[in-house]
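Number of protein chains: 2
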Amino acid sequence: MFKINTNYQKLPGSYLFAAIGKKVREYSAAHPDKKVISLGIGDVTQPLAPAVITALHGAVDEMASAETFKGYAPDLGYEFLRKAIVEGDFASRGCDIQPDEIFVSDGAKCDCGNIQELFSLDNKVAVCDPVYPVYVDSNVMAGRTGTYDPKTETWSDVIYMPCTEGNQFVPELPKETPDLIYLCFPNNPTGSAITKAQLQEWVDYANRVGAVILYDAAYEAYISEPDIPHSIYECEGARTCAIEFHSFSKNAGFTGVRLGYTVIPKDLKCGDVTLHSMWARRHGTKYNGAPYIIQKAGEAVYTAEGRAQTMAQVAYYMENAKTIYNGLKEAGYSVYGGVNSPYVWLKISGSMNSWEFFDYLLENANVVGTPGSGFGPSGEGYFRLTGFGTRENTIEAVERIKKL
Amino acid sequence: MFKINTNYQKLPGSYLFAAIGKKVREYSAAHPDKKVISLGIGDVTQPLAPAVITALHGAVDEMASAETFKGYAPDLGYEFLRKAIVEGDFASRGCDIQPDEIFVSDGAKCDCGNIQELFSLDNKVAVCDPVYPVYVDSNVMAGRTGTYDPKTETWSDVIYMPCTEGNQFVPELPKETPDLIYLCFPNNPTGSAITKAQLQEWVDYANRVGAVILYDAAYEAYISEPDIPHSIYECEGARTCAIEFHSFSKNAGFTGVRLGYTVIPKDLKCGDVTLHSMWARRHGTKYNGAPYIIQKAGEAVYTAEGRAQTMAQVAYYMENAKTIYNGLKEAGYSVYGGVNSPYVWLKISGSMNSWEFFDYLLENANVVGTPGSGFGPSGEGYFRLTGFGTRENTIEAVERIKKL
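Heads up: the sequence lines are chains A and B, in that order.
Heads up, the first sequence is in the numbering used here, so the first residue is 460 and it goes up one at a time.
Heads up, the second sequence is in the numbering used here, so the first residue is 460 and it goes up one at a time.
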């Protein structure tokens with residue numbers, strides 16, 4: 460008789476955003492007259508940039524003719540895209556990353572979820588608290604996290620690094636030594652950023668203790684201040700300790716287009732074995748590449764025209780974040796983030812917990828956000844709002860919240 | 460100090476098709492004057508059907524406007540596609556499969572590779588021999604296959620079910636009871652098909668012993684004979700024992716477009732736990748859906764126009780398979796497959812083994828195929844050729860082989 464992977468049964472509740480979606484659908488079904496505004500899941504609302512649309516149409520036409528039709532893509536992704544990525548995201552910032560260290564994929568979420576497969580099950584994982592749920596959940600599914608304590612909402616074998624007002628939401632080096640360190644900056648959910656000097660400390664630490672930093676740079680396009688690194692490879696020594704994840708979802712509105720990439724420098728080794736070779740083997744065996752037409756769309760993001768257009772989208776969302784940030788501040792809330800990030804991290808005043816505040820906002824303002832506790836115990840008492848809505852909805856949502 | 464998943468190190472050599480690609484690139488570099496024809500990897504050569512192209516352009520236009528732009532897709536895939544799938548592939552064949560039992564993905568390879576995550580590490584896997592490498596390799600990576608014996612090229616904890624001339628390449632029920640049974644019909648690599656009565660035996664067996672059949676139906680569009688089931692759900696009782704994988708790669712030429720789906724009936728349970736709920740959790744946590752525009756392309760495959768056009772492509776490839784089959788037979792080879800499958804399975808005459816025959820064909824006919832031994836020990840002495848080339852190349856390749 461077959462048996463299941465019982466680690467799945469250890470996961471408490473459903474995936475955070477699925478749970479929120481269910482609550483919203485139920486509310487909307489019961490109140491069809493209410494206009495619910497979502498500043499919740501972090502999905503974008505602006506259409507694709509014209510340069511991207513042109514590239515997509517062009518690539519579709521290529522697929523219509525035998526002479527230009529493309530079948531299976533190269534395992535790592537098309538070279539035209541990997542070269543554009545290196546030029547646009549690394550060489551231009553002085554980072555030493557080569558095209559064959561780029562693995563094109565269908566999104567940072569998948570890569571962040573799958574990367575743990577390369578590591579031993581007894582490796583110790585450290586995460587920020589609060590944190591994007593995928594890092595922990597994917598390790599739970601693999602059996603790397605020990606037992607769950609529902610009272611503290613923590614796993615026995617995970618090192619939690621609290622990110623609080625006290626440390627301006629940038630974690631301190633952990634007391635217990637981890638093997639794998641998930642870092643995401645600009646941060647989801649707190650919207651905080653890390654300076655280059657602070658990140659250099661992490662790189663030095665990882666090299667010292669032999670840990671791998673799994674660096675999620677999905678929001679780097681939202682960085683507005685100088686001295687905030689766009690890539691961990693801006694730090695010295697990162698090539699021997701860091702894997703970096705990038706997404707086209709937030710910088711170019713590709714949430715429904717699906718494209719991302721992961722960087723694994725060939726200097727990152729365990730003994731003689733490069734993690735690069737392992738990920739290449741995984742890509743070859745369990746993945747079949749991002750669609751050609753989507754890779755062409757990704758290439759268009761790096762053209763002068765595409766870059767100008769997608770940067771305008773980012774500016775639009777950042778204006779929303781500012782609207783939320785300033786509006787909530789006016790309304791008397793303590794707010795964080797929103798400067799180098801599309802996320803605003805709101806401190807809930809009074810006695811409500813995060814989910815109670817979620818229900819309160821949904822029912823009284825018909826506004827959807829994300830309960831901070833869904834990201835980890837230190838997120839309790841906080842609430843995430845995103846700048847990814849339309850301008851009109853964002854302004855209306857903030858006005859509604861201000862009136863409460 | 461971090462440690463790697465040492466199961467990866469157990470994998471002998473590189474992924475089969477990566478190894479072939481390397482050999483071909485090296486040969487071509489050394490002989491730039493030779494025109495190498497590939498009847499190897501099973502990649503298609505015909506452009507996308509006009510109905511698919513129209514759908515792609517239409518969906519791209521939708522992404523260009525805020526009113527019709529689509530962000531994150533629903534976890535299981537868009538309902539329009541899941542409904543079209545159910546209508547076209549199941550209801551029309553009398554199979555009781557509901558739209559919410561369909562999980563849309565970026566391809567059958569990924570799903571076949573990832574599905575093993577749902578099962579306990581001590582579950583026993585049975586595979587046909589020869590077999591599509593992904594089934595075994597993904598289980599090796601997870602640590603489910605024991606130790607590798609390079610002499611027999613087998614894993615200690617895998618049940619191999621030989622598929623030979625003797626059983627017309629349809630496996631017998633194994634002596635040792637498996638927990639997970641990978642079946643692929645029409646078969647890759649042998650091109651053999653299974654009758655409904657034969658498949659019913661497998662379904663009955665799986666229900667009797669409590670095993671799950673992981674049924675790869677990627678080639679069902681190539682079935683030309685009656686009484687060959689297109690889906691395992693044509694068999695009674697399959698809802699309690701079978702997961703089925705489908706691909707758009709071969710029936711609609713989507714190898715570079717990336718679309719597939721997996722069916723998990725809600726009746727498939729381990730105790731109270733449905734595998735459906737587990738896969739939904741995995742989809743929600745470690746995957747983010749196929750691109751909207753690609754899902755629209757998939758929907759177009761099920762329209763009357765799309766179906767007629769893609770069936771014409773299938774007929775084109777089957778004509779190629781027939782050309783290979785008949786040509787090689789004329790040349791004195793024993794050949795199998797090619798009737799309900801785009802694959803022709805050639806028995807190598809004389810003393811050459813599969814890789815020697817690969818080199819021989821590459822060097823003397825400049826034709827690339829796939830060595831049978833790459834698919835498992837019982838594939839030794841055989842060679843796979845595919846009908847996915849162009850007509851012109853296929854005819855030329857066969858003529859070259861006949862002249863040897």
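Just so it is clear, CB atoms sit at the ideal spot from N, CA and C, and this is done for glycine as well.
Original post:
Beta-carbon of B/F707 versus every beta-carbon of chain A: anything under 9 Å?
Top reply: no
**OP:** Would you kindly work out how many angstroms separate the C-alpha atoms of A/D731 and B/K462, rounded to a whole number?
**Re:** So the alpha carbons of these two residues sit roughly 12 Å apart.
Subject >> Start and end residues, alpha helix (DSSP H) containing B/C475 >> reply: Note on identity: in this sequence residue 475 of chain B is Leu, with Cys being the wrong assignment. Counting along the chain, B/L475 sits inside the alpha helix (DSSP H) bounded by residues 475–489.
Original post:
What separation, rounded to the nearest whole angstrom, lies between the Cα atoms of A/M460 and B/I640?
Top reply: 12 Å
**OP:** Using a Cβ-Cβ cut-off of less than 7 Å, give me the residues of the stretch 830–858 of chain A that come near chain B, in sequence order.
**Re:** none
Subject >> One or two residues paired with B/V732 in a DSSP bridge >> reply: B/C729
**OP:** Figure out for me which residue from B/N785, B/R698, B/A510, B/D616 has the closest Cα to the Cα of B/N598.
**Re:** B/D616
Original post:
Of all the residues that make up the stretch 513–545 of chain B, which are near chain A by a beta-carbon distance shorter than 7 Å?
Top reply: Listed by position, the residues of the stretch 513–545 of chain B near chain A (Cβ gap below 7 Å) are L515, H516, V519, M522, A523, S524, A525, F528, K529, G530, Y531, A532, D534.
Subject >> Through-space distance from A/A677 to A/F707, alpha-carbon basis >> reply: 8 Å
Original post:
Rounded to a whole number of angstroms, what is the C-alpha to C-alpha distance between B/N799 and B/P648?
Top reply: 12 Å
**OP:** Count the C-beta pairs between the stretch 789–806 of chain B and the stretch 471–486 of chain B that are closer than 8 Å, then say yes if the count reaches three, no if not.
**Re:** no
**OP:** For B/D638, collect the residues of the same chain with a Cβ closer than 6 Å to its Cβ; drop the 5 residues on either side in sequence, then sort them by chain order.
**Re:** N582, K583, A670
Original post:
If you run the structure through DSSP and keep just helix, strand and coil, what is A/A856?
Top reply: helix
**OP:** Take the Cβ of B/S497 as the centre, count every other Cβ of all protein chains shown within 10 Å, and call the residue buried at 16 or more, exposed below.
**Re:** buried
Original post:
Thinking just about the alpha-carbon of each residue, which of B/K568, B/T604, B/M600 is nearest to the one in B/A585?
Top reply: B/T604
**OP:** Would you verify that the beta carbon of A/S597 is, or is not, closer than 9 Å to some beta carbon of chain B?
**Re:** Interface residue, yes.
Original post:
A/V803 by DSSP, collapsed to three states: which one?
Top reply: strand
**OP:** Kindly provide the ranges of any beta strand (DSSP E) runs that are 3 or more residues long and lie completely inside the stretch 757–829 of chain A, ordered along the chain.
**Re:** 793–796, 802–806
**OP:** Give the DSSP-derived three-state secondary structure of A/T513 in the structure shown.
**Re:** A/T513 falls in the helix class under three-state DSSP.
Original post:
In chain order, what residues of the stretch 549–568 of chain B put their CB closer than 7 Å to some CB of chain A?
Top reply: Listed in chain order, the positions of the stretch 549–568 of chain B with a beta carbon within less than 7 Å of a beta carbon of chain A are D565, G566, K568.
Original post:
Does the beta-carbon of B/P609 have 16 or more other beta-carbons within 10 angstroms, so that it is buried, or is it exposed?
Top reply: exposed
Original post:
Using 9 Å as the limit for Cβ to Cβ distance, is A/P592 near chain B?
Top reply: yes
Subject >> Cβ-Cβ distance between B/L718 and B/C700 below 9 Å >> reply: no
Original post:
Taking three-plus beta-carbon pairs below 8 Å as touching, is the stretch 510–529 of chain B in contact with the stretch 510–523 of chain A?
Top reply: Cβ pair count under 8 Å is three or more, so yes.
**OP:** Pull up the CB-CB distance for A/F562 and A/G536, whole angstroms please, since I reckon it's below 8 Å.
**Re:** 7 Å
Original post:
What residues match up with B/I496 in a beta bridge as DSSP calls it?
Top reply: B/V826
Subject >> Span of the beta strand (DSSP E), counted from its first residue to its last, around B/R843 >> reply: 841–845
Original post:
Would you say the stretch 532–549 of chain A touches the stretch 556–576 of chain B, given that touching needs at least three Cβ pairs under 8 Å?
Top reply: no
Original post:
At which residues does the alpha helix (DSSP H) containing B/P592 begin and terminate?
Top reply: For B/P592, the uninterrupted alpha helix (DSSP H) run begins and ends at 592–601, by DSSP.
Original post:
Going along the stretch 745–768 of chain A in order, which residues come within less than 8 Å of chain D, judged by CB to CB distance?
Top reply: Looking for chain D here will not work: the only protein chains present are A and B.
Subject >> Of the listed residues A/Y792, A/A532, A/F628, A/I702, nearest to A/G838 (C-alpha basis) >> reply: A/F628
Original post:
Counting along the chain, where does the alpha helix (DSSP H) carrying A/Y467 start and finish?
Top reply: 466–469
Original post:
At a CB-CB cut-off below 9 Å, which residues of chain B make contact with A/G715?
Top reply: M522, F528, K529, G530, Y531, A532, G748, P750, Y751, I752
Original post:
So the beta strand (DSSP E) B/V671 belongs to, where does it begin and stop?
Top reply: 671–675
**OP:** Round the Cβ separation of B/V826 and B/I860 to the nearest angstrom and send it over; I've been treating them as touching at under 8 Å.
**Re:** 6 Å
Original post:
Any idea if B/I697 is buried or exposed, counting beta-carbon neighbours within 10 angstroms, 16 or more meaning buried?
Top reply: Just to set this straight, residue 697 of chain B is Ala in the shown sequence, not Ile. Its Cβ being crowded by 16 or more others within 10 Å, B/A697 is buried.
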